[in-house]
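Those protein sequence lines, which keep their order, are chains A and X.
Using numbering that gives the first Met the number 0, read the first sequence as starting at 0 and increasing by one per residue.
Using numbering that gives the first Met the number 0, read the second sequence as starting at 0 and increasing by one per residue.
Worksheet: the structure to be examined is printed underneath.
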Amino acid sequence: MDIRLIGISKRYNNNMVLNQVNLTLKEGQMSCIMGPSGIGKTTLLRILMGLERPDSGEIEGMEGQRIAAVFQEDRLIEHWDAISNVKLVCDKDVSDDQIAQEFSKVDLTEYKDKPVLKLSGGMRRRVAIVRALLSPSNLVIMDEPFKGLDTALKQKVIAYVKEKTSGKTVICVTHERDEAEALQANVILLN
Amino acid sequence: MARESNLKTKPVLLNRWAVRILVICFWLLFWELLYRLIDNEIFMVSPITVIQTLWHLLGQTYFWQAIAFSFIRIVLGFLLAVILGTFLAILSYQNWMIKELLIPLFKVIKATPVASFVILALLWMKAGNLSVLISFLMVVPMMYTNVLQGLLATDRKLLEMAKIFCLGKWKKVKAIYLPAVMPYFYSAISVGLGFCWKAGIAAEVIGIPSGSIGEWLYEAKIYLMTGELFAWTIVIILISILFENIVIHMLKPLWFTAETDKSKDLGKN
């Protein structure tokens, strides 16, 4: 089922962040939301996730959606190791070995047992991505997921995201057009 | 490398112990000098006299009975306070009305002097169980305030993450709430342990329940047995420190669980 946002508006104090936003997210497709900073991209994702209520407007097609997210900040359990962080959101039949195998696809193998607070920004980002993609879901929401990754690693992670989200509805906020192109996503410009 | 670092740390540890022993010797010497300066056995006794009195007490049945009497009651009050304080903090975190309702109650308990509670309690109950109530009343606001503070300090962003990934209650507690609350809980336990002994014994000295440490302290004061007074005080300090160490040692696994996830059993829950 497609997800339709109809006339979504949101205001913080006197600042209108979103004004009558209408958009459709096609089921099973990837869409990238692009636009200048402060235009309300993150707010839109938060409304979609149910973390914020819009002042007006409605969202159709969210019934029965199981969401997985890569937040703008990594939101990991700092003292836990990378595997435990991923296991936290997985189904109980997902083993440590399976998670380790996924880590190998994004060059994290040797860091899988380290507390995430000891990992670099790029490593933490990849843990957050693996966590979202291994969590049982049919809607994946990602807010600047490739931030902090160098070009070579970014290509690898983008390929991994494409592989793992096949058949799922994906919405991704990015500032980089080349990321949207590499993901072969529909581009939605917010302005 | 590991061998090298062991060699490096051992002298440091030895030094630390040596310093501690020297510090103890310094204060014992200071005490002895003070005793000689005052030169009056009623106001001040020598550390040697106290050690002799303590040695004598160790062989007396009433000594152990008094320790058991006070220990059971004070610890019971402490444990009840830990359980109820934590429970009420969780309720207050979940419901702001309960929090508003409890704020004045705990403010009153915190501000009321121990002596007032003891005198009031003596009107309502037998002196024997006085230290249970007083120890409970002194620790419960501490537990409540600290645990609630810990819960309120929980990372909102992690809670949002838990909501999005539909984490179960136990997973949320283990991954998010425990690490947030444990430092506050730990600190409340540590302070509360010292406090419950001070307040509990003070209550016994006022209420004089038969067979308690408080009764022996009171008698020592009445009959000007300063050596016994000091000896009992040292016993109270030692029990308080020992009990604090035992409790903190017992809490370590919980602390460890909050800090790491070595059990790797979350997926099964």
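Cβ atoms here follow ideal geometry from the backbone N, Cα and C, with glycine treated the same way.
Residue-level contact to chain X via CB, residue i, 8 Å cutoff
i	result
R176 of chain A	no
L87 of chain A	yes
M61 of chain A	no
I76 of chain A	yes
M15 of chain A	no
I66 of chain A	yes
L50 of chain A	yes
E72 of chain A	yes
S165 of chain A	no
S134 of chain A	yes
Residue-chain proximity (residue i, chain A), Cβ-Cβ < 8 Å
i	result
K170 of chain X	yes
F42 of chain X	no
L166 of chain X	yes
K156 of chain X	yes
I163 of chain X	yes
M160 of chain X	yes
K263 of chain X	With a pLDDT of 43 at K263 of chain X, under the threshold of 50, the predicted position of this residue should be treated as unreliable, and no value is reported.
First and last residue of the uninterrupted alpha helix (DSSP H) at residue i
i	result
D177 of chain A	R176 to L182
I118 of chain X	V113 to W123
N13 of chain A	No alpha helix (DSSP H) holds N13 of chain A; DSSP gives it neither H nor E.
G63 of chain A	Element bounds for G63 of chain A: n/a, residue is neither H nor E.
I89 of chain X	T60 to Q93
N145 of chain X	L129 to L151
W169 of chain X	K168 to K171
E159 of chain X	R155 to I163
T52 of chain X	P46 to L57
M122 of chain A	G120 to L133
A202 of chain X	L177 to G206
G213 of chain X	I212 to I221
M48 of chain A	K40 to M48
L152 of chain A	T150 to K163
Exposure of residue i, with buried meaning 16 or more beta-carbon neighbours within 10 Å
i	result
D80 of chain A	buried
K40 of chain A	buried
V74 of chain X	buried
A1 of chain X	Its pLDDT being 43, under 50, A1 of chain X is placed unreliably in this model, and the value from its coordinates should be taken loosely. When all chains shown are included, A1 of chain X counts as exposed.
V146 of chain X	buried
R74 of chain A	buried
W231 of chain X	buried
W95 of chain X	exposed
R176 of chain A	exposed
R52 of chain A	exposed
M0 of chain A	exposed
L265 of chain X	Per-residue confidence for L265 of chain X stands at a pLDDT of 42, beneath the threshold of 50, marking its modelled position as unreliable; no derived number is given.
S115 of chain X	exposed
Y11 of chain A	exposed
Enclosing beta strand (DSSP E) for residue i [first to last residue]
i	result
V89 of chain A	Reading off the sequence shown, one finds Cys at residue 89 of chain A, where the question assumed Val. First-last for C89 of chain A: undefined, no H or E at that position.
I140 of chain A	L138 to D142
G56 of chain A	S55 to E59
T168 of chain A	T168 to V172
C31 of chain A	M29 to M33
I41 of chain X	Unbroken run through I41 of chain X: none, as it is neither H nor E.
I187 of chain A	N185 to L188
Beta-carbon spacing of residue i, residue j below 8 Å
i	j	result
G121 of chain A	G147 of chain A	yes
A184 of chain A	C31 of chain A	yes
V117 of chain X	I207 of chain X	no
G272 of chain X	C195 of chain X	Outside the displayed span of chain X (0 to 268) sits residue 272 of chain X, for which this structure offers no information.
I76 of chain A	V85 of chain A	no
A202 of chain X	V113 of chain X	yes
T168 of chain A	G27 of chain A	yes
G56 of chain A	I2 of chain A	no
I5 of chain A	L189 of chain A	no
F105 of chain X	T48 of chain X	no
V180 of chain X	G149 of chain X	yes
I235 of chain X	I221 of chain X	no
M141 of chain A	V186 of chain A	no
T164 of chain A	V139 of chain A	yes
K242 of chain A	I82 of chain A	Residue 242 of chain A is absent from the structure shown; chain A starts at 0 and stops at 190.
Problem - Members of the region 174-192 of chain X near chain C, C-beta cut-off 8 Å - result: In the structure shown, chain C does not exist; the protein chains are A and X.
Handout entry: Contact between the region 38-47 of chain A and the region 13-24 of chain A (3+ Cβ pairs under 8 Å)
Key = These segments touch.
Handout entry: the region 34-48 of chain X / the region 160-168 of chain X touching (three or more Cβ pairs under 8 Å)
Key = In the pairwise beta carbon analysis, the region 34-48 of chain X is classified as not touching the region 160-168 of chain X: fewer than three pairs are separated by under 8 Å.
Handout entry: Touch test, the region 206-224 of chain X against the region 25-35 of chain X, Cβ-Cβ under 8 Å, three pairs minimum
Key = Two segments are said to touch when three or more pairs of C-beta atoms, one from each, lie closer than 8 Å; by this definition the region 206-224 of chain X does not touch the region 25-35 of chain X.
Exercise for the section: Take every Cβ of the region 62-71 of chain A, pair it with every Cβ of the region 124-143 of chain A, and state whether three or more of those distances are shorter than 8 Å. Expected result: Contact between the region 62-71 of chain A and the region 124-143 of chain A is present: 3 or more CB-CB pairs across the two stretches fall below 8 Å.
Practice task
Would you check if there are 3 or more beta carbon pairs closer than 8 Å linking the region 119-131 of chain X to the region 54-66 of chain X?
Solution key: The region 119-131 of chain X makes no contact with the region 54-66 of chain X: fewer than 3 CB pairs, one atom from each, lie closer than 8 Å.
Handout entry: Stretch-stretch touch, CB-based, cutoff 8 Å, three pairs: the region 183-199 of chain X with the region 247-254 of chain X
Key = With a cut-off of 8 Å, the region 247-254 of chain X and the region 183-199 of chain X count as touching, because enough Cβ pairs lie within range.
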